[in-house]
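Here is the structure we will look at, set down as structure tokens.
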Amino acid sequence: MDKTEALQRIITTLANKNEDLHNFMETLSHSLAGVQVNSTQVVSDLEEEFDRLFTILVEMKESMINTIKQEGAKKTQEIQNQLTQSSDALESAEELLEFANNALDVQDEDEFTKAAKQIKDRVTMASAFRLTMKPKVTDNMNHLMVDFTQERQLLQNLKFLPVPWAPEMEVGDCLVLDNTVSVAWKMPVEDSKIDHYILEYRKTDHEGLPRIKDQRCWEVVDNIKTTEYSLSGLKFDSKFMNFRVRACNKAAAGEYSDPVTLETRAFNFGFDSSTSHLNLKVEDRTVEWDPQGGKGLESKVKGKENKGSAHLTNLKNMSRSGTPSPKRTLTTRSPAIRGSRDRFTGESYTVLGDTSMDCGQHYWEVKALKDCKSYSVGVSYRNLGKFDQLGKTNTTWCIHINNWLQSSFAAKHNNKAKSLDGTAPGRIGVFCDLDSGQLSFYNAETKQLIHTFKAKFSQPVVPAFMVWCGGLSLSTGMQVPSAVKSFQKDENGLAGSNSSLNSMAQ
């Protein structure tokens, strides 16, 4: 039996190796075909380049020959004009000379004087004496010659473009801040032929080198002309990001740089739907009030005889808009729903985050949707009772905004409330520093501090939310903004002293 199993293992090993060899041979065949096709294409491209170069030389030759012909015709015309002028002047001078010789033979003094005066006047006006005895052009055409020495050397030095070296990532210059990643790199050897760079990045939850079987694909940023690049507006839904870059010239792309892994340091979470109140509808990153959420379960609970009186109570407590009051809504307790053991009920219209925090600094933002009447934003221990309301226990910290009837804006903890100045911003930033025991709320737009709790958290905490009539939109995967970090660093003591609800968590 042992020999049979051993032989079977050998056969299996040989079969696997045989399959590997077949796959490898197919890969080699594919590569061989690719090399043949690529080499033929490269030869064709080279012939086209030389044909274009020859075409340019022919065009330049024709252009230069035309220039020489035009210059020769211009000079010829100038010399011909001077020859004609000189010929006319010579003919006039010969005629005048003949007239002067004849005047010498005149015997009459008056006639001689008259002839001499005519000769004098004609000599003064003679073109032979007014003509410039200097050629306007020369016969030298050497200035239209070309020195091809440099061009000949350039042509003789034609070489194939080398494959660019792999860039080197400048880890010290890479920065992750305010959900923006800035990366920088350099070339190990200066290369003036680099045309552009290609940057690739990938999100991952694994520290260190990228894994081949990582499910996330590389994202590509092409045609980068400098040795640095910034990716902004990112949502950090992973713990790390891998980066690599390659250089390209006109011919080819080089090898990738050694990848670098940067930590995002962002807190990413969602709503834990198993904890949400029946009247809350959780979808992706939003939670909305749903007054019909638990209505279908009322007929299944005990105490049907009280149904009429309960319905009458609800009718009395309905507002003009048809929305029940947050303090008087009747909600049926039912153990027959999914996650009912952890689901909030009664007047605790609450939902928790699905990720707890036990150390470090974390930041997220919450935006109130249109016509949200009442909501709370804060943190809580996970063991919050299903009837507990945010801010009314010593294990919850929050700010509460109420736009129902009378508006209020307050910080709440351990059933104590402190009214806050101003109006609640449309978007609230929550900064939880578990290491220093601080929970701060900011205007997410201006990064102005709203309120700070000082607490010694003895247990992990989770984000917590209360909504009544309306909804909240959640933004996570965010780094702690640099403005918040700076404020906490500069005003740490002052921010804590501004709160009258400072407490030690139990």
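Reminder that position 349 of the sequence shown reads as 1641 in the numbering used here, one-by-one numbering, no gaps.
For each residue, glycine too, the CB sits at the ideal point set by N, CA and C.
Please read these numbers as outputs of a predicted model, since none were measured by experiment.
Exercise. Starting from E1639, trace the beta strand (DSSP E) both ways and give me its first and last residue.
Key: That residue, E1639, is in no beta strand (DSSP E); it is neither H nor E in DSSP.
Exercise. Would you mind reading off the limits of the beta strand (DSSP E) that contains K1495?
Key: H1488 to T1496
Quiz item: What is the rounded straight-line gap between the Cα of Q1372 and the Cα of F1342?
Solution: 45 angstroms
Quiz prompt | DSSP-derived helix/strand/coil call for D1514 | solution = strand
Exercise. Mind checking who K1710 pairs with in its DSSP beta bridge?
Key: A1703
Practice problem: Decide if F1346 is buried, meaning its Cβ has at least 16 other Cβ atoms within 10 Å, or exposed. | Solution: It counts as exposed.
Quiz item: Would you say W1689 and G1670 are within 9 angstroms of each other, going by their C-beta atoms?
Solution: In contact: W1689 and G1670 (Cβ atoms closer than 9 angstroms).
Quiz item: Beta carbon of M1461, beta carbon of R1557: below 9 angstroms?
Solution: no
Quiz prompt | Selection from L1726, I1720, I1693 and V1753 that minimises the alpha carbon distance to E1737 | solution = I1720
Quiz item: Buried or exposed: where does G1652 fall if 16 or more other Cβ atoms within 10 Å of its Cβ makes it buried?
Solution: exposed
Quiz item: Is K1733 near F1723, with beta carbons less than 9 angstroms apart?
Solution: The amino acid at residue 1733 is misidentified as Lys; the sequence shows Phe. Yes, these two residues count as a Cβ contact at 9 angstroms.
Practice problem: Rank A1325, N1686 and S1666 by C-alpha distance to the C-alpha of F1701 and give the top, closest one. | Solution: S1666
Quiz item: Are there 16 or more other CB atoms within 10 angstroms of the CB of Q1780, so buried, or fewer, so exposed?
Solution: buried
Quiz prompt | Test item: CB-CB of A1458 and R1538 under 9 angstroms | solution = yes
Quiz item: Any idea if F1561 is buried or exposed, counting beta-carbon neighbours within 10 angstroms, 16 or more meaning buried?
Solution: buried
Quiz prompt | Beta-carbon contacts of N1515 that lie in its chain and below 7 angstroms, excluding the five residues immediately before and after | solution = H1488
Quiz item: Can you check whether the CB of A1385 is closer than 9 angstroms to the CB of A1408?
Solution: Not in contact: A1408 and A1385 (Cβ atoms no closer than 9 angstroms).
Quiz item: Looking at the structure shown, is T1688 part of a helix, part of a strand, or coil, going by DSSP?
Solution: strand
Quiz item: Relative to the alpha-carbon of G1763, which residue among L1712, E1580 and W1656 has its alpha-carbon at the smallest distance?
Solution: E1580
Self-check item: Continuous beta strand (DSSP E) stretch holding S1321: start and end
Solution: Not the beta strand (DSSP E): S1321 falls in the alpha helix (DSSP H), residues D1294 to A1395.
Quiz item: Skipping 5 residues on each side, what residues in its chain have a beta carbon closer than 6 angstroms to that of K1495?
Solution: R1508, S1530 and M1533
Practice problem: Mind checking who N1694 pairs with in its DSSP beta bridge? | Solution: S1666 and S1700
Quiz prompt | 8 angstroms contact criterion, which S1668 and H1705 should meet: CB distance rounded | solution = No, S1668 and H1705 are not in contact; Cβ-Cβ is about 11 angstroms, not under 8 angstroms.
Self-check item: Nearest-angstrom Cβ-Cβ length linking N1541 and P1456, presumed shorter than 8 angstroms
Solution: 6 angstroms
Quiz item: For L1436, which of helix, strand or coil comes out of DSSP?
Solution: helix
Quiz item: Between V1574 and F1563, what straight-line distance do the alpha-carbon atoms span, to the nearest angstrom?
Solution: V1574 and F1563: Cα-Cα distance of roughly 7 angstroms.
Quiz prompt | With 16 other Cβ atoms within 10 Å as the buried cut-off, status of V1725 | solution = Rather than Val, the amino acid found at residue 1725 in this sequence is Asp. By the 10 Å Cβ count, D1725 comes out buried.
Quiz item: Counting pairs of Cβ atoms below 8 angstroms between the region 1670 to 1684 and the region 1632 to 1651, do you hit three or more?
Solution: yes
Self-check item: Cβ-based burial, K1619 [other Cβ within 10 Å; buried from 16]
Solution: Low local confidence applies: a pLDDT of 43 at K1619 is under 50, so the model's placement there is unreliable, and no value is given.
Quiz item: Once you ignore the five residues that flank N1794 on each side, which residues in its own chain have a CB closer than 6 angstroms to its CB?
Solution: A caution first: N1794 carries a pLDDT of 47, below 50, which makes its placement in the model too unreliable to give a value.
Exercise. Since I believe P1717 is in contact with N1735 (beta carbons under 8 angstroms), could you give me their beta-carbon distance rounded to a whole number of angstroms?
Key: 4 angstroms
Exercise. Identify whether E1547 lies in helix, strand or coil by the three-state DSSP scheme.
Key: The answer is coil: DSSP assigns E1547 none of H, G, I, E or B.
Practice problem: Return the bridge partner residues of D1725 from the DSSP annotation. | Solution: Q1653 and Q1730
Quiz item: Which residue comes first and which comes last in the alpha helix (DSSP H) that contains V1415?
Solution: E1401 to M1417
Practice problem: Take the Cβ of M1770 as the centre, count every other Cβ of all protein chains shown within 10 Å, and call the residue buried at 16 or more, exposed below. | Solution: Classification for M1770: buried.
Exercise. Give me the Cα-Cα distance between E1639 and G1500, rounded to the nearest whole angstrom.
Key: 48 angstroms
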